[in-house]
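Structure first, then comments.
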Amino acid sequence: MADTRKPKRSDDEETTQVMSMPPQSLTPVLGSVDASGGVEVVVVRERMLPRAKRGPWRAFEVWTKNRIYGVDTALRCTVVLDRRTGQVDAESTVGGLRLGGGRLRSGGITRVSYPFPLVGMEATFTDGRKQVYTSRVERFVVRIRDVQTKGENEPQTWEEIIQGME
């Protein structure tokens, strides 16, 4: 005969059990990588610029002690900046390479992250054949672009918007 009692669900109980420690995926396992990974999100608000004034968009930035690596949405390094001067580092061999994640070596164990490096790791750039590693990542920034456009025929006031609907 089938059991006709209502099955007991965990949310039927009066109390909630609280974990005494964070889940394993949030617990640092190796080295000095922060549990959050240190990923920052920045919203860049700007007005639409003429095409001639726009440069390649840095969707991501990898900050190390001496450099800032600008990476586009295809994960290609489009610019390397000297942190002290803010000038382009023309000598860098990373320009044009693809960001491949991060690496941390400690005590014979290697930890990797993909597709982005975590703070405390070395960033990995590759062209498929060779890999280049940076010094320790101090910041990893995701840059979200919020562009305000203004068309020639775009209504400027609420009254103009209403008139355009009639």
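Residue numbers (our numbering): 1 to 166. We treat Cβ as the ideally placed atom computed from N, Cα and C, and that holds for glycine.
One question on the structure: do ARG103 and GLY38 come within less than 8 Å of each other, judged by their Cβ atoms? no
Buried or exposed: THR110, going by 16 or more other Cβ atoms within 10 Å of its Cβ? exposed
Simplified DSSP assignment, three categories, for GLY100: Strand at GLY100.
Taking the C-alpha atoms as reference points, what is the distance between GLU122 and ARG67? Near 13 Å, if we compare the C-alpha coordinates of ARG67 and GLU122.
When the Cα of THR134 is compared with those of GLY120, VAL147, VAL141, which residue comes out closest? GLY120
ASP82 - DSSP class collapsed to helix/strand/coil: strand
What residues are listed by DSSP as bridge partners for ARG111? LEU104
Would you call the CB atoms of LEU118 and ARG98 closer than 8 Å? Not a contact, by the Cβ cut-off of 8 Å.
Can you tell me where the beta strand (DSSP E) with TRP63 in it begins and where it stops? Unbroken beta strand (DSSP E) run through TRP63: 60-63.
Proximity winner among ALA90, THR85, ARG84, relative to THR78 (alpha-carbon distances): The option with the nearest alpha carbon to THR78 is ALA90.
Cβ atoms of ARG136 and VAL44: under 8 Å apart, would you say? Not in contact: VAL44 and ARG136 (Cβ atoms no closer than 8 Å).
In three-state DSSP terms, what is VAL137? coil
Classify GLY70 as helix, strand or coil using the three-state DSSP reduction. strand
Comparing alpha-carbon positions, which option in GLU46, LYS130, ASP82, GLY107 lies nearest GLU61? ASP82
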